[in-house]
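Please read the structure below before turning to the comments.
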Amino acid sequence: MTTTGSDKDKDWVDAKLVKAFTHPDPGTGLANAKSLAAQLDKNYPGAAASLREGLEEMFTVARMGIDGRLAKTLSTSNPIESMISIARTTNRNVTRWRDGQMVLRWTAAGMLNAERSFRRIKGYKQMPQLVDALRRHVNPDADTAGAAA
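In the numbering used here, the protein residues as written are 818 to 966.
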């Protein structure tokens, strides 16, 4: 919300957001978030637009059945933003970009530089759960075929 909003409005919106994002059913949570965006349209159109941006993707982790610490890690853009920031810092060393291939090489170099600061993600022990969810997403018929055999 914008800084012109009252604390009362902020508290109300925060409560609605928590309700949407913690709902056990991702479809209902998404519907609640869309409803909140519609309610914000009149007085806070910027906040409504911001909420709608990427809204479907915000519920992807929940739709896949991922929970716990891994869900929290996968639901934030912080890890990728950190890598991008380090790559940008590396790219600042270049004063004259010659061609697209040079951009790709320096970006790759920046990512390799960022790799040095990578740590295990929180919830890494749940990675088999993520792999299974991705397999089900890519090949949904495999579950039913295996159950029928």
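Every residue, glycine too, gets a C-beta built ideally from N, C-alpha and C.
Residue i classed as buried or exposed, judged by whether at least 16 other C-beta atoms fall within 10 angstroms
i	result
Arg952	exposed
Leu921	exposed
Leu929	exposed
Beta-carbon proximity of residue i to residue j, cut-off 7 Å
i	j	result
Asn908	Gly927	yes
Ala837	Gly846	yes
Pro843	Ala879	yes
8 Å contact criterion, which residue i and residue j should meet: CB distance rounded
i	j	result
Lys851	Leu872	7 Å
Ala972	Leu868	Nothing about residue 972 can be read from this structure; the chain reaches only from 818 to 966.
Ser934	Ile901	No, Ser934 and Ile901 are not in contact; Cβ-Cβ is about 13 Å, not under 8 Å.
Gln946	Leu887	7 Å
Identity of the residue in the options nearest residue i by Cα
i	options	result
Ile883	Arg933, His954, Ile897	His954
Asn895	Thr924, Arg922, Arg936, Ala864	Arg936
Ile897	Ala931, Gly940, Lys827, Ala959	Ala931
Asp826	His840, Thr839, Tyr861, Asn956	Tyr861
Gln943	Met881, Pro841, Pro957, His840	Met881
**Study point:** At least 3 beta-carbon pairs within less than 8 Å: the stretch 908–920 vs the stretch 865–882
**Key:** no
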